[in-house]
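Participant: Its first residue numbered 0, the sequence shown is counted upward by one per residue in numbering that gives the first Met the number 0.
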Amino acid sequence: MGGSNPFISSATTKLPSRPYTITFLPMNVQVEVDPAKLPYTRDGLPGSLLEIALGHDLEIDHACGGVCACSTCHVIVREGVETCNEASDDEEDQLDLAPGITPNSRLACQCVPDGTRNLVVEIPAWNRNHVSEEH
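1. To the nearest angstrom, report how far apart ILE51 and PRO102 are at their CA atoms.
2. In this structure, does DSSP put ALA51 in helix, strand or coil?
3. Evaluate PRO112 with the Cβ neighbour count: other Cβ atoms within 10 Å of its Cβ, from every protein chain shown; 16 or more gives buried, anything less gives exposed.
4. If you reduce the DSSP assignment to three classes, tell me which class GLN29 lands in.
5. Taking DSSP as the reference, what is the three-state secondary structure of ALA85?
6. Under the three-state reduction of DSSP, which class applies to LEU94: helix, strand or coil?
7. With a Cβ-Cβ cutoff of 9 angstroms, do GLY99 and HIS61 count as a contact?
8. What does DSSP give as the partner residues of HIS73 in its beta bridges?
9. How would you label ASP92, buried or exposed, when you count the other beta carbons within 10 angstroms and need 16 or more for buried?
10. Can you tell me whether PRO112 is helix, strand or coil according to DSSP?
11. Could you spell out the range, first to last residue, of the beta strand (DSSP E) harbouring VAL120?
12. Identify the continuous beta strand (DSSP E) that holds LEU24 and give its terminal residues.
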């Protein structure tokens, strides 16, 4: 889907300069992120967890198309959250509406790791798309 939200400020991000990995739980799938291949999709900010997951065929629900206008792409960064951009006020406002938030909760569409460390990211059960569709 992709696009932008004209009602929010652009997030400040730093894209990675070297490859790193993200392990997505609970499926325990590890993906290698190659900065030279970013962006993989047009969903979420370039280099965001949503964009990377979708680019590796891992579904994360994102009702708004990844433009920080809902909380359906809520994930929990279990390891490496310090390498991610700071959550904006707009992201935190949307997270207030998400179920089961934790101190390391982020919107996958807005969370952009800088690649200085590998990450472990949990996709909560309510946010996993269990439907399998052909591409």
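Each residue gets a CB set at the ideal place from its N, CA and C atoms; glycine is no exception.
Facilitator: Taking the coordinates as given:
1. If you take the alpha carbons of ILE51 and PRO102, they lie about 22 angstroms apart.
2. It is worth fixing the name first, because residue 51 is Ile in this sequence and not Ala. It is helical.
3. So PRO112 counts as buried.
4. DSSP places GLN29 in strand when its eight states are reduced to three.
5. One detail in the question is off: residue 85 reads as Glu in this sequence, not Ala. Three-state result, GLU85: coil.
6. Annotated three-state conformation of LEU94 is helix, per DSSP.
7. In terms of Cβ geometry, GLY99 and HIS61 do not form a close pair [threshold 9 angstroms].
8. In DSSP, HIS73 forms a bridge with LEU106.
9. Per the 10 Å Cβ criterion, exposed.
10. Three-state result, PRO112: strand.
11. Looking at the DSSP string, the run of the beta strand (DSSP E) that includes VAL120 is 118-121.
12. Taken as a continuous stretch (DSSP letters only), the beta strand (DSSP E) holding LEU24 covers 19-24.
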